[in-house]
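Q: The numbering of the sequence shown is this note's numbering, which starts it at -14 and goes up by one.
Supplied in structure tokens, the structure appears directly below.
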Amino acid sequence: MNKKALTQQIIFWTFRIMSIMVVIVLFAILYFITIRGAQAISWDFLTKSPEEGMVKGGIFPAIIGTLYLIVGSLIFAFPIGVFSGIYLNEYLKDGKLKSFIQLMTNNLAGVPSIVFGLFGMALFVNRLHFGDSILAGSLTLGLLVLPIIIRTTEESLKSVDDSYRLASYAMGATKLYTIKKVVLPLAFPNVITGIILSIGRVSGETAAILFTVAAYFLPKLPHSIFDQVMALPYHLYVLTTSGTNIEASRPVAYGTAFVLVFIVLVTNVIANLIRNYFNKKYKA
């Protein structure tokens, strides 16, 4: 084996080992949470409200609150993110303005979530007088994941070969029609990747909802978008750091973590099924 082939094999096996290590760590975390969290799962745990200082009862209000925030944030962020990505890739010409917008989008994606939380409190809670509410929390989380959706959409559109655009223009189609009927359908399976990443980010955020929507203890369901809610990540934080009886509430904390991971897993599976459906539909 010559030196070049040996170097290639070393690099290949290095990346393979690193990939295996990542998978091992992931399964180790899932195994730890499953073993400890599954013991707390019961029908009452999933359908009842917290009781006796959150050491007993269930987490139903926190589950519903988390789902509300996921849906609310995506209703706000997904259309704006997709339209922004379309504008950047299909309409805005290469130049200083485009480079500046891309730079700012990338920087926004790296801003700590606590900063988004403070911004959401200042703008949505105080300035716009939404108060601590589902609306304020959803808008804050929407801003948090907006850069992810924008960049994912832009890269997905870039991956569509220009021959499709040129063929559509040659048939007499307008630019808008080409984007709507040709480019976007081909890119949409990859656009859904942005939704998957956003769901994972939103469902696990604590800092961004700390000042905008999350309630310490609220054993009831919301009646409007201007109500506070409990949320699984913040509930888990409370149980493990500042509960009334941390040791007694530890099984509830593990159960909460298990449910949170399960919700993320189910929503990701659904999003992947949708992506595969569109992938087969438009690329068959």
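Using N, Cα and C, we set each Cβ at its ideal position, and we do this for glycine too.
Excluding sequence positions up to five away, which residues of its chain have a Cβ less than 8 Å from the Cβ of M89?
A: Residue 89 sits at position 104 when you count from the first residue of the sequence shown. Closer than 8 Å at Cβ, skipping near neighbours: no residue.
Q: How far does the alpha helix (DSSP H) with Y154 in it extend, from its first residue to its last?
A: Translated into the one-based positions of the sequence shown, residue 154 becomes position 169. Run containing Y154: D147 to A155, per the alpha helix (DSSP H) assignment.
Q: In whole angstroms, what separates the C-alpha of T(-8) from that of I248?
A: Position 7 of the sequence shown, counted from the first residue, corresponds to residue -8. Position 263 of the sequence shown, counted from the first residue, corresponds to residue 248. Taking the straight line from one Cα to the other gives about 43 Å.
Q: Out of N91, V254, I48 and L93, point me to the one whose CA is closest to T32's CA.
A: On the sequence shown, position 47 is the one that residue 32 refers to. It is I48 whose Cα lies nearest to the Cα of T32.
Q: Name the residue from I133, Y201 and V167 whose alpha carbon lies nearest to the alpha carbon of S295.
A: Nothing about residue 295 can be read from this structure; the chain reaches only from -14 to 269.
Q: Taking 7 Å as the threshold (C-beta atoms), are I(-4) and E75 in contact?
A: The residue you call residue 75 lines up with position 90 of the sequence shown. The residue you call residue -4 lines up with position 11 of the sequence shown. No.
Q: Measuring alpha carbon to alpha carbon, tell me which of E190, S118, R112 and S69 ends up nearest L129.
A: Position 144 of the sequence shown, counting from 1, holds the residue named residue 129. Selected option, being the one with the closest Cα: E190.
Q: At 4 residues or longer, what runs of the alpha helix (DSSP H) sit wholly inside the region 43 to 86?
A: Complete alpha helix (DSSP H) runs here, min 4: 45 to 71.
Q: Contact defined as beta carbons within less than 8 Å: I believe G22 pairs with Y239. What is the distance between those atoms, to the nearest angstrom?
A: For this step, residue 22 is matched to residue 37 along the sequence shown. For this step, residue 239 is matched to residue 254 along the sequence shown. With a Cβ gap of about 4 Å, G22 and Y239 count as contacting.
Q: On the criterion of 16 or more Cβ atoms from any shown chain inside 10 Å, does R112 qualify as buried, or is it exposed?
A: Translated into the one-based positions of the sequence shown, residue 112 becomes position 127. Exposed is the call here.
Q: What distance in whole Å lies between the Cβ atoms of I14 and F243, which are believed to be in contact at a cut-off of 8 Å?
A: Residue 243 sits at position 258 when you count from the first residue of the sequence shown. Residue 14 sits at position 29 when you count from the first residue of the sequence shown. At roughly 11 Å, the Cβ-Cβ gap does not stay under 8 Å, so F243 and I14 are not in contact.
Q: Taking DSSP's pairing of strands, which residues face V214 in a bridge?
A: For the purposes of this step, residue 214 is taken as residue 229 along the sequence shown, with counting starting at 1. DSSP output for V214 lists A199 as bridge partner(s).
Q: Are the C-beta atoms of N257 and some chain C residue less than 7 Å apart?
A: You won't find chain C in this structure, because it holds only one protein chain.
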